[in-house]
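Down below is the structure, laid out as structure tokens.
Residue numbers (the working numbering): 348 to 782.
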């Protein structure tokens, strides 16, 4: 059922029931008026609870679809999700957001201490409790997925082409940002740039190509061509939109060329290929920084940790030149997860068991390459992969190593957004004192 039809029925039925009338579809803003605690809806053929929830969630004040669906089930005494044509449903309107349950102002100039929150995690109401616990433990920054490598935007965007299917993970980006802002959290939007499954499916002509002319793929997604103006323009429009939305920082990830064998631009030498790729990557980063700055936001870039060692072969693969990018970005965020470095790297038989050496050396090298004008804020490991004894002490060893090497705060990554071990470290005051 189309959204407009649902709204019209809600207008008619709410008026008939003596509830405050909803405005017409041409004036959707504020259709749930103060004091209304229930809407009514007559079930039509083909309706589902989930479909109704998706259409009216913005009018009820619920953060997540599952919250609204459960409220409808309880309000109507439903034992399952079966609906009958003609059935009249009561649709509860959530009360006003009570605001933050934890308020921990961050002193000016404090080092960022952040965590990563994926799109799916941000789409459920429990994300607010997760963030509350992190703030209580001493965190002051959150990195939210705006676009991951599948290319699906996690929020409702005016800059992207409309998509069929379910709505975005984040039901109300303004509401979520307001909620985080009330806790004085530093808000960072993560944007996976050149690995983009959705754009690759819609515009394969803009992708890097394999020898057969097919889009170059990785993990089911498509590598877009950094040299294509339309690819750059699309991502710059997203940078502008996110900066206008209120994010203090936009972080570019997958701001590189593929490292899984693509050689479509091979110039005949490592140096020549490195120079070509470096030019395309740095040009985009510089444009993104200018775009973000126009709306008062800063720009950061997530780089492979190995780029700190400055090997020409790595530069030829990725196009990520630390010295050049440091002049184009406000913050460099090297991914220095110890378990992601191979056996023998840096002289360590098992780098995962030597977080001080790997993190400390990488941050120090990035610090020296970037110079004094660019912040170095590493991505650190908050997952057990490859580590024999992962726990609060291991987390603290990474934090200490980064700080002693000149790191400007940190962010921790866990793909499942589980940060109990990090919280335990913070609550134990391990390496929490400012330098």
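Glycine included, C-beta positions come from ideal geometry on N, C-alpha and C.
message = Within a Cβ cutoff of 7 Å, which residues of the same chain sit near residue 756, ignoring the five residues on either side of it in sequence?
response = Close CB contacts of residue 756 within its chain, under the 7 Å cut and outside five residues either way in sequence, are with 458, 459, 460 and 724 (chain order).
ask   = From residue 378 to residue 389, what does the alpha carbon distance come to, in whole angstroms?
value = Interpretation of residue 378 is limited by its pLDDT of 30, a score under 50 that renders its predicted location unreliable; no figure is taken from the coordinates.
task = Go through its chain and collect everything with a Cβ distance to residue 507's Cβ below 6 Å, but skip five positions before and after it.
result = If we look at residue 507 and ignore the five residues flanking it on each side, its Cβ neighbours are 500.
task = Please determine if the segment 410-427 and the segment 529-540 are in contact, where contact requires at least 3 C-beta pairs separated by less than 8 Å.
result = When Cβ pairs closer than 8 Å are counted between the two stretches, the segment 410-427 is seen not to touch the segment 529-540, the count staying below three.
Buried or exposed by the 16-neighbour rule on C-beta atoms within 10 Å, applied to residue 613 = Note on residue 613: under 16 other CB atoms within 10 angstroms of its CB, so exposed under the neighbour-count rule.
query = For residue 472, does the three-state DSSP call read helix, strand or coil?
reply = Here residue 472 carries a coil assignment [DSSP, helix/strand/coil].
key: Simplified DSSP assignment, three categories, for residue 532   = Residue state for residue 532 is assigned as coil, using DSSP reduced to three classes.
Residue 635 (DSSP reduced to helix, strand or coil) = Three-state result, residue 635: helix.
ask   = Are residue 667 and residue 702 touching if we call contact CB-CB under 7 Å?
value = No, the pair does not count as a contact, with Cβ atoms beyond the cut-off.
request  = Take residue 593 as the anchor and find which of 544, 583, 536 and 565 has the nearest alpha-carbon.
outcome  = Ranked by Cα distance from residue 593, the first of 544, 583, 536 and 565 is 536.
message = Do residue 715 and residue 678 count as a contact pair if the criterion is CB distance below 7 Å?
response = Not a contact, by the Cβ cut-off of 7 Å.
inquiry  = Using the three-state DSSP reduction, which class does residue 613 fall into: helix, strand or coil?
reply    = Correct three-state label for residue 613: coil.
message = Once DSSP output is grouped into helix, strand and coil, what is the label at residue 504?
response = In this structure, residue 504 counts as coil in the three-state DSSP scheme.
query = Cβ of residue 683 within 7 Å of Cβ of residue 660?
reply = At a Cβ-Cβ threshold of 7 Å, residue 683 and residue 660 do not count as neighbours.
query = If you pair each beta-carbon of the segment 568-575 with each one of the segment 543-554, do three or more pairs fall below 8 Å?
reply = Contact check between the segment 568-575 and the segment 543-554: three or more CB pairs, one atom from each, fall below 8 Å, which counts as touching.
query = Who are the Cβ neighbours of residue 737 in its own chain at under 6 Å, not counting the five residues just before and after it?
reply = Contacts found: 731.
ask   = Under a three-way DSSP split, which group does residue 764 fall into?
value = Coil.
message = Using a 10 Å radius around the Cβ and a threshold of 16 neighbouring Cβ atoms, would you call residue 629 buried or exposed?
response = It counts as buried.
At least three beta-carbon pairs within less than 8 Å, the segment 538-547 to the segment 571-588 = When C-beta atoms of the segment 538-547 are compared with those of the segment 571-588, three or more pairs fall below 8 Å, so the two segments count as touching.
task = Give the straight-line distance between the Cα atoms of residue 697 and residue 680, rounded to the nearest whole angstrom.
result = Computed Cα separation, rounded: 23 Å.
ask   = Which partner residues of residue 601 appear in the DSSP bridge assignment?
value = Paired residues: none, contrary to the question.
ask   = Short check: CB of residue 518 to CB of residue 404, under 7 Å?
value = Contact flag set, yes.
request  = Compute the distance between the beta-carbons of residue 466 and residue 492, then report whether it is under 7 Å.
outcome  = For residue 466 and residue 492, yes; Cβs fall inside 7 Å.
query = residue 758 bridges to which residues according to DSSP?
reply = In the DSSP output, where bridge partners are listed per residue, residue 758 has 461 and 726.
ask   = Under 7 Å between the Cβ atoms of residue 595 and residue 534?
value = Contact: yes.
Whole-angstrom distance between residue 509 and residue 395, CA atom to CA atom = Those two C-alpha atoms are separated by around 22 Å.
ask   = Quick one, are the C-beta atoms of residue 543 and residue 498 less than 7 Å apart?
value = Taking 7 Å as the cut-off, the beta carbon of residue 543 is found closer than this to the beta carbon of residue 498.
ask   = Taking the runs of the beta strand (DSSP E) that are 3 residues or longer, which of them lie wholly in the segment 391-426?
value = Those beta strand (DSSP E) runs which fall completely within the segment 391-426 and span 3+ residues do not exist here.
ask   = How is the alpha helix (DSSP H) around residue 545 delimited, first residue to last?
value = First-last of the alpha helix (DSSP H) with residue 545: 544-549.
key: Member of 711, 627 and 689 whose CA lies at the smallest distance from the CA of residue 655   = Between residue 655 and the set 711, 627 and 689, the nearest pair of CA atoms involves 711.
task = Give the straight-line distance between the Cα atoms of residue 574 and residue 439, rounded to the nearest whole angstrom.
result = Here the C-alpha atom of residue 574 lies approximately 50 Å from the C-alpha atom of residue 439.
request  = Sort 626, 525, 718 and 620 by Cα distance to residue 602 and report the nearest one.
outcome  = Residue 602 has its Cα closest to that of 626, out of 626, 525, 718 and 620.
Local conformation of residue 751 per DSSP, three classes = In the structure shown, residue 751 adopts helical secondary structure according to DSSP, grouped into three states.
key: Extent of the continuous alpha helix (DSSP H) run through residue 661   = Here the alpha helix (DSSP H) through residue 661 covers 659-665.
inquiry  = Please report the distance separating the alpha-carbon of residue 432 from that of residue 416.
reply    = Distance between the alpha carbons of residue 432 and residue 416 is about 18 Å.
query = Contact check, residue 470 vs residue 411 under 8 Å by CB: the rounded distance?
reply = About 6 Å; that satisfies the 8 Å criterion.
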